[in-house]
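Colleague:
Residue numbers (our numbering), protein chains in the order written: chain R, 2 to 288; chain B, 5 to 523.
1. So that I know if they touch, is there some Cβ in chain B lying closer than 8 Å to that of residue 68(R)?
2. Taking 8 Å as the CB-CB limit, is residue 96(B) close to chain R?
3. Pick helix, strand or coil for residue 489(B), following the three-state DSSP scheme.
4. Is residue 93(B) close to chain R, meaning its C-beta is less than 8 Å from at least one C-beta of that chain?
5. Assign residue 35(B) to one of three DSSP states: helix, strand, or coil.
6. Can you tell me the Cβ-Cβ gap for residue 268(B) and residue 238(B), rounded? I've got them flagged as a contact below 8 Å.
7. So is residue 60(B) in contact with chain R if we call contact Cβ pairs under 8 Å?
8. Give a yes or no on whether the minimum CB-CB distance between residue 302(B) and chain R is below 8 Å.
9. Which value, in whole angstroms, describes the spacing of the CA atoms of residue 54(R) and residue 253(R)?
10. Counting only beta-carbon separations shorter than 8 Å, does residue 102(R) have a partner in chain B?
11. Below 8 Å, how does it come out for the segment 393–401 of chain B and the segment 79–98 of chain B: are there three or more Cβ pairs, yes or no?
12. Could you tell me whether any Cβ in chain R is nearer than 8 Å to the Cβ of residue 280(B)?
13. How should residue 428(B) be labelled, buried or exposed, when 16 other C-beta atoms within 10 angstroms of its C-beta is the threshold for buried?
14. Can you list the residues of chain B that residue 220(R) reaches, using a CB-CB cut of under 9 Å?
15. Leaving aside the five residues before and after residue 235(B) along the sequence, list all residues of the same chain whose C-beta is less than 8 Å from its C-beta, in chain order.
16. Taking the runs of the beta strand (DSSP E) that are 3 residues or longer, which of them lie wholly in the segment 299–361 of chain B?
17. Any beta carbon from chain B within less than 8 Å of residue 20(R)'s own beta carbon?
18. Could you confirm whether any beta carbon from chain B is found closer than 8 Å to the beta carbon of residue 148(R)?
19. Using CA coordinates, which residue listed in 74(B), 111(B) and 218(B) is at the minimum distance from residue 53(B)?
20. In three-state DSSP terms, what is residue 410(B)?
21. Cα separation between residue 262(B) and residue 522(B)?
22. With the cut-off set at 8 Å, would you say residue 424(B) and residue 64(B) are in Cβ contact?
23. Under the rule that 16 or more other beta-carbon atoms within 10 Å means buried, what is residue 19(R), buried or exposed?
24. Does any residue of chain R have a CB that is nearer than 8 Å to the CB of residue 486(B)?
25. In or out: residue 41(B) buried (at least 16 other Cβ within 10 Å) or exposed?
26. Using the rule of at least 16 other Cβ atoms within 10 Å of the residue's Cβ for burial, across every protein chain shown, is residue 231(R) buried or exposed?
27. Thinking C-alpha only, which one of 186(B), 346(B) and 193(B) is nearest residue 570(B)?
28. Check for me: the beta strand (DSSP E) holding residue 117(B) runs from which residue to which?
29. Across which residues does DSSP place residue 168(B) in a beta bridge pair?
30. Compute the Euclidean distance between the alpha carbons of residue 177(B) and residue 436(B), then round it to the nearest angstrom.
31. Taking the C-alpha atoms as reference points, what is the distance between residue 509(B) and residue 475(B)?
32. DSSP state of residue 261(B), grouped into three classes?
33. Do residue 198(B) and residue 342(B) have their C-beta atoms within less than 8 Å of each other?
34. Is residue 93(B) helix, strand or coil by DSSP?
35. Cα separation between residue 273(B) and residue 305(B)?
36. Taking 7 Å as the limit between beta carbons, can you name the residues of its chain near residue 387(B), skipping five residues before and five after?
Here is the structure:
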């Protein structure tokens, strides 16, 4: 008895220690970045491990936030993330709802077509040509429309909708609701957990979307945060490489931009996380 | 039947949507084109689309306030109605995007290429041969060295514009040398070393005699990082090596790779000796360049290889940071270190590599005026573009002291970019270091003397067949011998291995090329 309790306790202690270390290891880089962004030029360049800013200064933030492009990029990223997420959720839900209806003509063929996109994609250049001929290049639509419906999310949504008893819909139609009304006032509210999950996935994806932004956007007025971040980092490296006249440390400027660009997502995450936990388990067990 | 109808209508709707969207975008383009006109003269206005491999977030899309000044100056110089639109993306993403633009038929008029892209695009016929156009570009011919034109010539035709160099001696591409902590030398009452023995003594003193007077044994003589090859020591034996180990040395009427020569062995012996005595920072083979800089800033090392710009206290590099940490620090570049036979030197920078290359699309409209514009952009004559494009407005962004040939900048680079000047609009880059002060110029003077020439810059086919020889094989022996894991005599084994694993073929092909170039 005693031995078992002791073993259990060591296991527990080891577990806690291990997990604590793991979270420290993941937390430290972020913390380090915050410290660098608040350090003076000399402090940031001295390198090495440190916990607190060396020579506290807000210069890097001042210079990053005073650039007009960061606010433009912020605006663009928010537009893409919010509008893109809403479109994505809405159209994924309508697709899933329709494909769940056995009575829909051609439902099998359509499901097949949707699934087909999970396995095969056009590749970068054909997709680019398509987007270009649709006239979407150099607009923010290029980041939202091509990925508006994802086959994977449709399947997740479908399997959740299947858990809603048909009787609910039947009774609604008995009361005189048309299909649109049923979808918007009954089905969608019932799908909240899965909607939150998909919205979070999509929102994070759109916020971090670098490749599409790089390929489709040319005008600086349309740049999103990841793209601008990359340009700022490259610009700072260019300045250091050529040993030219700059006013603050490259390291701090890069760190400050990184922090500025991840704050919104960090702020949203905790509130959606409870749905996230619930949502990812959806459809895993069926009765 | 009903089903079919539905599908048809869906397809139609999609097409319609697409057409509407396409219509919108093309009308937008039309709007842009008409905006750019405005020149009063009878010449047709033209806008050149340019795409550069740069990360400069500050540069405004419309060219900023600089655009009007630049076009005005061009007009004065006899180039009316020329406009430019510059897009930039940096790094590998530049290539991705350029390839996309090319494959979708939106090739820019003027854009960056690297040497591999250049060869590829020339093969695909995407680039315009420039020989005839360049005949009317005296300034480009004047500032861009002959070797660099050779580097971009395919089948006797020039396909790209390399970077230029202004004639002053401080503009030499060779900028590297040995930097030393002068204040440490002063602390210990030592003189600047001139040969290997003196350098050895200095390194010993820097390591053991507490040069920073902090009472702790926390310094090393010689610093480095994982790309350091200790050119000083190899140079003292008369050979150049450089990262990537591409250097060829002439020996008995033929050329051999520098790293198989007996001189290389002697140099390795010296380095191993120093490492054993603890004079070299023991962590150098695993350090990133940035970590190496941190060692300098933290006053841990006294001698290291660096750039002449490293001695610029206001440059924003490690020296600036070092001075913030320790205001009494002093960094200088010392003369080349002589070896036992009085040999000294530093490997030359590839004279054929023209830095950032830029090419003109075969589809570019009115290429004559584009080349004229490029020629104007490097011109130093009255109404020429070089000062305006590089430094901004005289009196506002910079002042020029003609007697000293010194340009003092008043506007920081990020502000210049925001106005629309400097690197993005330097359509042809010409090395221009008139902004350097006397300290940096003195260091540049040192860095451009005693240069060890590479006998052959061409890469022979066999080198591509055996890519591991230079990077892997040599690096392994280099690091293991220097750090004393292996004895110096294992160098002979390296030479044998090198020749066995393909070096023979490389050397044979290289010598054929070399003989050809000699005749």
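Ideal Cβ placement from N, Cα and C applies to all residues, glycine included. All values reported here derive from a predicted model rather than from experimental measurement.
Modeller: So, from the listed chains and residues:
1. yes
2. no
3. coil
4. yes
5. Note that residue 35(B) scores 37 on pLDDT, short of 50, meaning its location in the model is unreliable and no value can be drawn from it.
6. 7 Å
7. A Cβ of chain R is located within less than 8 Å of the beta carbon of residue 60(B).
8. yes
9. 10 Å
10. At a cut-off of 8 Å between C-beta atoms, residue 102(R) does not count as an interface residue with respect to chain B.
11. Touching, no.
12. For residue 280(B), the answer is no, since every Cβ of chain R falls outside 8 Å of its Cβ.
13. buried
14. Ordered by position in chain B, the residues that pass the 9 Å Cβ test against residue 220(R) are 65 and 91.
15. Same-chain partners within the cutoff: 180, 244, 245, 246, 309, 350 and 351.
16. 305–311 and 335–338
17. no
18. no
19. 111(B)
20. Reduced to three states, the DSSP call for residue 410(B) is strand.
21. 19 Å
22. yes
23. Exposed is the call here.
24. no
25. Residue confidence is low: residue 41(B) scores 41 on pLDDT, short of 50, so the model does not pin down where it sits. No coordinate-derived value is stated.
26. buried
27. In this structure chain B extends from 5 to 523, so residue 570(B) is not present and cannot be described.
28. Here the beta strand (DSSP E) through residue 117(B) covers 114–117.
29. 434(B)
30. 11 Å
31. 17 Å
32. strand
33. yes
34. strand
35. Residue 273(B) and residue 305(B): Cα-Cα distance of roughly 22 Å.
36. 77, 80 and 81
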